[in-house]
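Reading through the structure tokens given below for one structure.
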Amino acid sequence: MPLFYPPMLGTLWREEWPINWYYEVKWDGIRALLYLEEGGWRLLSRRGQLLNHAFPALEDLRSAFSFLPVVLDGELVAFDQQGRLSFSAILKQMQGKQTLPWYYWVFDCLHLGEPLLHLPLRERKEKLARSFPHHPLAGPVQWYQGEQARLLWQKVKELELEGMMAKDPESPYLPGKRSQHWLKIKREQRLELSILGFTRENRPVSSLLVGEISPAGEKKVRCKVNCSLPAPRYQALVQLLRALTLEQEGNIFWVQPLLIAEVAYLELTAENQLRHPRLLGIRKQEEKK
Numbered sequence: 001m002p003l004f005y006p007p008m009l010g011t012l013w014r015e016e017w018p019i020n021w022y023y024e025v026k027w028d029g030i031r032a033l034l035y036l037e038e039g040g041w042r043l044l045s046r047r048g049q050l051l052n053h054a055f056p057a058l059e060d061l062r063s064a065f066s067f068l069p070v071v072l073d074g075e076l077v078a079f080d081q082q083g084r085l086s087f088s089a090i091l092k093q094m095q096g097k098q099t100l101p102w103y104y105w106v107f108d109c110l111h112l113g114e115p116l117l118h119l120p121l122r123e124r125k126e127k128l129a130r131s132f133p134h135h136p137l138a139g140p141v142q143w144y145q146g147e148q149a150r151l152l153w154q155k156v157k158e159l160e161l162e163g164m165m166a167k168d169p170e171s172p173y174l175p176g177k178r179s180q181h182w183l184k185i186k187r188e189q190r191l192e193l194s195i196l197g198f199t200r201e202n203r204p205v206s207s208l209l210v211g212e213i214s215p216a217g218e219k220k221v222r223c224k225v226n227c228s229l230p231a232p233r234y235q236a237l238v239q240l241l242r243a244l245t246l247e248q249e250g251n252i253f254w255v256q257p258l259l260i261a262e263v264a265y266l267e268l269t270a271e272n273q274l275r276h277p278r279l280l281g282i283r284k285q286e287e288k289k
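Under the UniProt record's numbering, the residues of the sequence shown are numbered 1 to 289, in order.
Structure (structure tokens):
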């Protein structure tokens with residue numbers, strides 16, 4: 001068995017949902033593969049970082065399975081003091097700075113006594129459900145189809161979760177591959193913010209600094225968002241930002257806050273910053289949407 005399997009990855013999807021696929025909650029945590037073998041166990045992050053020290057309770061699974069080796073793919077999540085999912089909480093847990101509850105949601109298996117990568121997802125799911133032992137801090141995720149998937153999406157929005165994963169039940173497990181067999185369907189929020197500045201890295205305007213101006217006149221940057229616009233609109237924006245530029249600080253160019261950016265984002269951090277921002281459009285302040 002290989003020492004490390006790069007995890008299979010999904011493709012961001014904003015089109016019609018495939019029919020009869022499996023739909024699962026997309027947990028906002030840390031992707032991790034759990035290796036259970038006769039000689040020990042390893043919990044590895046997506047990039048191969050060893051996480052045993054932060055989640056020692058998962059070692060119990062090694063003696064709970066009736067056969068080894070076992071390789072599981074899942075997501076480590078943690079909860080804040082209000083019982084809500086918190087990405088910052090799972091990061092603190094990894095650093096040994098956290099004592100709040102956490103859980104390992106398992107959504108796939110690569111080995112269950114024998115290699116399973118070649119099997120279709122539906123068979124891997126069946127084997128996982130039959131063989132997974134009871135554990136207080138780990139368990140298989142629930143998946144849904146058809147109308148149940150629509151109901152799941154409503155619950156995802158109500159609970160302000162990250163989104164859903166759509167998975168082809170006939171797909172094999174493809175280590176390290178980003179495939180359209182797995183699709184990421186993200187729940188996004190939207191916000192309009194002033195363009196306060198921009199950065200110049202590999203092109204005239206690489207990213208935009210968006211935020212607000214306080215009553216005292218202080219700039220409050222809420223996020224840095226990639227300036228992804230079609231070529232004609234991008235060139236027009238470059239010319240406009242040059243005309244609005246007030247001063248330069250290193251790689252940052254501050255501008256008059258006369259432009260509004262519409263930004264999609266996943267959630268607000270504890271510092272009121274936007275996570276995973278995506279630029280949707282730009283308008284002048286006096287223009288209506």
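Idealized CB from N, CA, C, for every residue including glycine.
In this text, all values refer to a predicted model and were calculated from it rather than measured experimentally.
How many whole angstroms separate the CB atoms of residue i and residue j, which I take to be in contact at a CB cut-off of 8 Å?
i	j	result
Ala32	Leu43	6 Å
Val71	Cys109	7 Å
Leu161	Leu85	7 Å
Gly96	His53	7 Å
Arg278	Glu267	That pair is no contact at about 13 Å.
What number of angstroms, rounded off, separates the C-alpha of residue i from the C-alpha of residue j?
i	j	result
Glu262	Ser228	12 Å
Pro18	Ala166	8 Å
Gly83	Pro101	8 Å
Gln148	Gly163	15 Å
Val156	Gln189	13 Å
Ala231	Pro204	13 Å
Glu286	Val106	50 Å
Pro120	Arg62	25 Å
Pro133	Leu76	18 Å
Val255	Leu152	43 Å
Leu191	Gly281	11 Å
Apart from the five residues just before and just after residue i, which ones in its own chain have a Cβ nearer than 8 Å to its Cβ?
i	result
Gln145	Asn20, Trp21, Tyr22, Tyr23
Leu9	Gly176, Lys177, Arg178, Ser179, Trp182
Tyr234	Val205, Cys227
Gln93	Ala54, Phe55, Leu76, Ala78, Leu100, Trp102
Leu68	Leu36, Glu37, Glu38, Arg62, Gly113
Using a Cβ-Cβ cut-off of 7 Å (strictly less than) and excluding sequence neighbours within five positions of residue i, which residues of its own chain qualify?
i	result
Gly211	Leu193, Ser194, Leu196, Lys219, Lys220, Val221, Arg222
Arg129	The amino acid occupying residue 129 in the given sequence is Ala; Arg does not appear at that position. Excluding sequence neighbours, Ala129 sits near Pro140.
Can you pull the DSSP bridge partners for residue i?
i	result
Ile260	Ser194, Arg283
Val70	Leu36, Leu112
Trp254	Gly197, Glu247
Thr11	Leu183
Phe4	Looking at the DSSP assignment, Phe4 forms no beta bridge with any residue, so it has no partner.
Glu16	Answer by DSSP bridge pairing: none, since Glu16 is not bridged.
Leu268	Leu274
Lys26	Gly163
Phe79	Leu85
Grab me the residues of residue i's own chain with a C-beta within less than 6 Å of its C-beta, minus the 5 sequence neighbours each way, in chain order.
i	result
Lys127	Leu112
Gln81	none
Lys186	Gly163
Glu59	Trp41
| request: Could you tell me which uninterrupted alpha helix (DSSP H) segments, each at least 4 residues in length, are contained entirely in the segment 31 to 58, listed from first to last along the chain? | output: List check, alpha helix (DSSP H) in window: nothing returned.
| field | In chain order, each alpha helix (DSSP H) run of at least 4 residues that lies wholly inside the segment 144 to 224 | value | Runs of the alpha helix (DSSP H) inside the segment 144 to 224: 147 to 158.
| query | Hey, which unbroken runs of the alpha helix (DSSP H) at 4 residues or more fall wholly within the segment 96 to 152? | reply | Qualifying alpha helix (DSSP H) stretches, in chain order: 121 to 131.
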